[in-house]
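Heads up, the thing below is written out as C-alpha cells.
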Amino acid sequence: MHIHFRAPLAYVGCGVRVDTLPESGSSSTVSITFADDSLATGQCKVVSDLEIKVWVDAYTTEAGNVVKARAWLIQRLEGAKIWKVMDRIGSDAI
Numbered sequence: 030m031h032i033h034f035r036a037p038l039a040y041v042g043c044g045v046r047v048d049t050l051p052e053s054g055s056s057s058t059v060s061i062t063f064a065d066d067s068l069a070t071g072q073c074k075v076v077s078d079l080e081i082k083v084w085v086d087a088y089t090t091e092a093g094n095v096v097k098a099r100a101w102l103i104q105r106l107e108g109a110k111i112w113k114v115m116d117r118i119g120s121d122a123i
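Numbering-wise (this note's numbering), the sequence shown opens with residue 30 and increments by one.
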C-alpha cells in the first residue's frame, strides 16, 4: 500500500492520495511519500472504505528537518477522489 501526502508534513486538512485501498478491517505496512519527495514507512489500518488510520514513522524532510512519528485519521468524503487528514490521533488507536 502507498500513501502520498500533498505537503512535506502531514497536518489536519492536508490532502492525501491513497493507492489501492485494502479491505476494511485489514492492517498493513505502508510506504509514504510527501510533496518534497521525502520518504517514510508506517502502518495503516483500514477502518472502512472512507476512513483509515495511519502511523507515520519518524522521517527527515528533503530540507533536513526531522519529523517525529505520529498517527493520523484520514477520511474521504463519499464520491470524492482526494482523502484528507481529519485529526491527529494517539498511536494506540492504530
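Even for Gly, the Cβ is constructed at its ideal location relative to N, Cα and C.
Beta carbon of residue i, beta carbon of residue j: below 9 Å?
i, j, result
"L50", "S60", "no"
"D65", "P37", "yes"
"T58", "M30", "yes"
"V76", "E52", "no"
"D116", "L102", "yes"
So residue i packs on residue j, CB below 8 Å; how close in whole Å?
i, j, result
"I125", "R46", "Missing from the structure shown is residue 125; the chain here goes from 30 to 123 and no further."
"A100", "W84", "5 Å"
Per DSSP, which residues does residue i bridge with? Please list them.
i, result
"I111", "Looking at the DSSP assignment, I111 forms no beta bridge with any residue, so it has no partner."
"D48", "H31"
"K82", "K74, L102"
"V96", "Y88"
"D116", "L102"
When burial is assigned at 16 or more other CB atoms within 10 Å of the CB, is residue i buried or exposed?
i, result
"K82", "buried"
"G42", "exposed"
"K97", "exposed"
"V95", "exposed"
"A92", "exposed"
"A39", "buried"
Tell me which residue opens and which closes the beta strand (DSSP E) that residue i is part of.
i, result
"C73", "68-77"
"S60", "56-62"
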